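Okay, so the sequence shown: first residue is 2 according to the numbering used here, each after it adds one. No residue lacks a Cβ here, since even glycine has one placed at the ideal position from N, Cα and C. Predicted model, so just to flag it, every value in this text is computed and none were measured.
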Amino acid sequence: IAVSLGVETLSDLEEKIVSVIIVILSITFLEHFIRWEKPLETLQFGAALAIVIGALSLFQKVSHASKELAKKQN
2 IAVSLGVETL SDLEEKIVSV IIVILSITFL EHFIRWEKPL ETLQFGAALA IVIGALSLFQ
62 KVSHASKELA KKQN
């Protein structure tokens with residue numbers, strides 16, 4: 002089952018989970034944006050999510066780079 006999902010290693014699973022978390026955070030922001038009750042609160046919420054998504058994206062990029070480096074060494 003794991004191979005059919007494209008998950009062969011723990012690193013692959015981490016990448017998939019981070020991608021899903023980023024999508025969930027984006028949807029959460031979209032819901033908050035659609036309600037638009039307090040503009041300043043929406044801006045702060047968006048900034049906080051942007052920081053989290055940026056950190057997750059950086060984690061994913063570094064993880065992918067280390068995976069590629071490991072492949073080259075083998």
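Quiz item: In the structure shown, what three-state DSSP assignment does E38 receive?
Solution: coil
Practice problem: Could you have a look at V63 and say whether DSSP puts it in helix, strand or coil? | Solution: helix
Self-check item: Whether V53 touches L11 by CB criterion (8 Å)
Solution: no
Quiz item: Does DSSP classify E9 as helix, strand or coil?
Solution: Shown here, E9 sits in coil according to DSSP, grouped into three states, outside any helix or strand.
Quiz item: When you compare only the Cα positions, how much space is there between L50 and E9?
Solution: Spanning the two alpha carbons is a distance of roughly 30 Å.
Exercise. Evaluate contact between the region 54-74 and the region 16-23, counting only Cβ atoms and requiring at least three cross-stretch pairs below 8 Å.
Key: yes
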